[in-house]
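Worksheet for the structure shown next.
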Amino acid sequence: MAAIASLSFPALGQSGKISNPTPCRPLASVSAICRRLSRRSLTSSRPSTSSSKFVIHCMSNATDVPPVSETKSNFLKAYKRPIPSIYNTVLQELIVQQHLMRYKRTYRYDPVFALGFVTVYDQLMDGYPSDQDRDSIFQAYVEALNEDPKQYRIDAQKMEEWARSQTSASLVDFSSKEGEVEAILKDISERAGSKEGFSYSRFFAVGLFRLLELAGATDPTVLDKLCASLNINKKSVDRDLDVYRNLLSKLVQAKELLKEYVEREKKKRGERAESQKANESISKSLGDNSLSFFV
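Following our numbering, the residues of the sequence shown are numbered contiguously, the last one being 299.
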């Protein structure tokens, strides 16, 4: 990953034609990459005793961890409408993987994680037939994990607004400044540095990159400096951003195939309707002529 700019998220639904498409491969690839979202073991350590009003402590004991099936069931109960298979395949994979993140003993919600998840969700669901349904699915998804969808959105927006007001230098130099977001980043840095109460995830990596993207930080060294300031492993971030970029690329292909299929079916239905209309006109004409012959 030579430069941060090379990792710009592709706009879903804006890809060109796909040559020699194989109907089933894109969905399989999306599913396979999704399974990799959390396969690597997250850092496990004793929870920190420090507290912050900006961070929610969501650590679980073995006795109160629900099974994956319960989380999936909660999602299906909350959102009962059918979801197109191309979206449903990815959502089902993600909710399983996020369940594993959510119920790790060291898990703690933080706004960077929230920004990463919101970014992933919005990219994956871009182009969904109904904006209202997309929002309802988001709410059902997050609530199925026993978390607050409103807080995800609020924190993601807060982080985005802060990043837009930053430069490459000020973004990295958060430790010397005062402010709500600066306090959030300081808390993350402290927990990650002490190896206590911090579980790195790919959603966190996407959240970091989103901050850089909004701040207009195109210099590849900025990500290195930000990871160093936060005590995050830069190699892990690079690897996970590549995984996410590949996921979006595969999803673009799958959506393109779906679009082509829908257009073909619509054209076929139109041709059948025209043919039926022509047959009816011919039958009516023949019937009228037959009657006039006998008059």
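Cβ atoms here follow ideal geometry from the backbone N, Cα and C, with glycine treated the same way. As the structure is a computational prediction, the values presented were derived from the model and not from experiment.
Suppose contacts are defined by Cβ-Cβ distances below 8 Å. Is residue i in contact with residue j by that definition?
i	j	result
L216	L230	yes
L149	Q102	yes
G274	A209	no
L218	A173	no
R147	A82	It should be noted that the sequence gives Glu, not Arg, for residue 147. Yes.
L252	Q127	yes
F117	G211	yes
Y91	Y145	no
L255	V122	no
R206	V176	no
G220	R112	no
Q143	P153	yes
T110	S203	yes
F213	L189	no
Tell me the DSSP bridge mates of residue i?
i	result
R268	None; R268 has no bridge partner.
Which residue comes first and which comes last in the alpha helix (DSSP H) that contains residue i?
i	result
I188	184-198
C220	Looking at the sequence shown, residue 220 is not Cys but Gly. Premise fails: G220 is in no alpha helix (DSSP H) and is neither H nor E.
Y145	135-148
M163	153-168
K76	72-82
I236	No alpha helix (DSSP H) holds I236; DSSP gives it neither H nor E.
M105	89-106
V176	172-176
Can you give me the C-alpha to C-alpha distance between residue i and residue j, rounded to a whole angstrom?
i	j	result
K115	R249	Residue identity check: residue 115 is Pro in the sequence provided, not Lys. Looking at the two C-alpha atoms, the distance is approximately 21 Å.
K263	V124	21 Å
N24	K239	For N24, the predicted model reports a pLDDT of 35, less than 50, meaning its position is unreliable and no value from the coordinates is stated.
G183	D159	14 Å
Q155	D223	31 Å
I37	S179	Note that I37 has pLDDT 44, beneath the 50 cutoff, so the model's placement of it is unreliable and the number below is only indicative. Taking the straight line joining both Cα atoms gives about 35 Å.
D68	N78	16 Å
R85	K199	42 Å
V241	V226	13 Å
Q257	K181	44 Å
S89	I99	15 Å
L104	N237	21 Å
V185	E267	46 Å
Q136	I87	13 Å
A277	Y265	18 Å
S279	V72	51 Å
Q170	E269	48 Å
E74	Q96	13 Å
L80	K281	42 Å
D191	M163	15 Å
Y107	K76	14 Å
M129	R157	15 Å
E165	R243	27 Å
I141	K272	32 Å
D139	A232	35 Å
R195	S134	40 Å
A187	D228	20 Å
P70	K259	33 Å
I'd like to know if residue i contacts chain B, where contact means its C-beta is closer than 8 Å to some C-beta of that chain.
i	result
S179	Among the chains of the structure shown, chain B does not appear; only one protein chain is present.
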